[in-house]
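Residue numbers (full-length UniProt numbering): 1 to 289. Worksheet: the structure to be examined is printed underneath.
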Ligand code: SF4
């Protein structure tokens, strides 16, 4: 199958069979995001989705885990999603879980009964871009949710038996607010108990709407040392166990990952070494085209 746009899936889904069911993101307004800005969101024809399932099945594949792409597959109407889940179970009866990205709004648009139906039809893990624990930051970045909405909707999916995993971004609160964001995020994760959290530390793109705010002086990016300190503070405070943690500081080519609480000390030491190293040399922030 030809894939449109960038292949985008959480690191824990790297071995899943990626089944495209839509193109682009149905929201597409987060200021920092460049993933799908050049694409107009559309659902792929059901016939095309089924042809892909048939093709892969005829090749002899037997995936245990399937990831539905692209951005926010959970946002499609429930009957359509159930139709696709039914086709998956027909072609791949041994598939154990079907996972996808979702937004907080996608969840609030579904009834409790729809959430339970989707769970029964094979959906297991939802990946939510929580990004920040601070309401004013979520508003500034034009996320589609506030923090109270996130608490409410996560509780609904958990009651339906679904697993929630979170993405967030160190640096998203801007210069001088890293520790404040870490503390609010820790409070949020300690209450909502994600199974996995992934930090995609804020990467600066000239093509992102946020760049205009930086030029206009409305947003001052934190430097990478502050982002490392933010990551460190969060790791210190997380006490939802067990928790898989994966942190990417792409600008520094640094990854900090492990299972909490077992690997906490090792991860903190890695961050301490990086803070010491970059504190001395300093890092000029880079803007990708
Ligand atoms: S961050 Fe997620 S919800 Fe926001 S525009 Fe990008 S893909 Fe869409």
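Heads up, the beta-carbon is just placed ideally off N, CA and C, and yes, glycines get one too. All figures in this text were calculated on a predicted structure; none of them were measured in a lab.
- Taking 7 angstroms as the cut-off, does the CB of residue 199 come closer than this to any heavy atom belonging to the ligand FMN? This structure lacks the ligand FMN; the ligands present are the ligand SF4.
- Query: Is residue 36 near the ligand SF4, with its Cβ less than 7 angstroms from a heavy atom?
  - Reply: yes
- Message: Going by DSSP in three states, residue 259 sits in which element: helix, strand or coil?
- Response: strand
- DSSP three-state assignment for residue 119, whether helix, strand or coil: helix
- Message: What does the Cβ neighbour count give for residue 10, buried or exposed, with the cut at 16 atoms within 10 Å?
- Response: buried
- Query: In terms of residue numbering, what span does the beta strand (DSSP E) encompassing residue 280 cover?
  - Reply: Residue 280 -> not in any beta strand (DSSP E); alpha helix (DSSP H) instead, spanning 264 to 281.
- Task: Tell me whether the beta-carbon of residue 137 lies closer than 8 angstroms to the beta-carbon of residue 173.
- Result: yes
- Task: Count the other C-beta atoms from every protein chain shown that fall within 10 angstroms of the C-beta of residue 242, then say buried if there are 16 or more, exposed otherwise.
- Result: exposed
- Message: For a test of the three-state rule: what should DSSP assign to residue 112, helix, strand or coil?
- Response: helix
- residue 250, DSSP secondary structure in three states: helix
- Message: What I want to know is whether the C-beta of residue 27 ends up closer than 7 angstroms to one or more non-hydrogen atoms of the ligand SF4.
- Response: yes
- Item | Delimiting residues of the beta strand (DSSP E) encompassing residue 191 | First-last for residue 191: 178 to 192, but that is the alpha helix (DSSP H), not the beta strand (DSSP E).
- Taking the DSSP output, what are the residues bridged to residue 196? 244
- Query: Is the segment 67 to 83 touching the segment 98 to 116 in the sense that three or more CB pairs, one from each, lie closer than 8 angstroms?
  - Reply: yes
- Going by other Cβ atoms of all chains shown within 10 Å of its Cβ, with 16 needed for buried, is residue 16 buried or exposed? buried
- Task: Over the uninterrupted beta strand (DSSP E) stretch that includes residue 222, give me the two end residues.
- Result: Per DSSP, residue 222 belongs to no beta strand (DSSP E) and is neither H nor E.
- Residues of its chain near residue 156, where Cβ-Cβ distance is below 7 angstroms and the 5 sequence neighbours each way are ignored: 107, 112, 115
- Message: Given the structure, does residue 72 come close to the ligand SF4, in the sense that its CB is under 7 angstroms from one of the ligand's heavy atoms?
- Response: yes
- If you check the beta carbons only, do residue 238 and residue 190 fall under 8 angstroms apart? yes
- Own chain residues within Cβ distance below 7 angstroms of residue 248, not counting five before or after: 199, 200, 201, 255
- Message: I'd like the span of the beta strand (DSSP E) that includes residue 166, first residue to last.
- Response: 163 to 168
- Message: In this structure, how does DSSP classify residue 22 when only helix, strand and coil are distinguished?
- Response: strand
- Simplified DSSP state of residue 150, which is helix, strand or coil: helix
- Task: Could you tell me the boundaries of the beta strand (DSSP E) in which residue 98 lies?
- Result: 97 to 102
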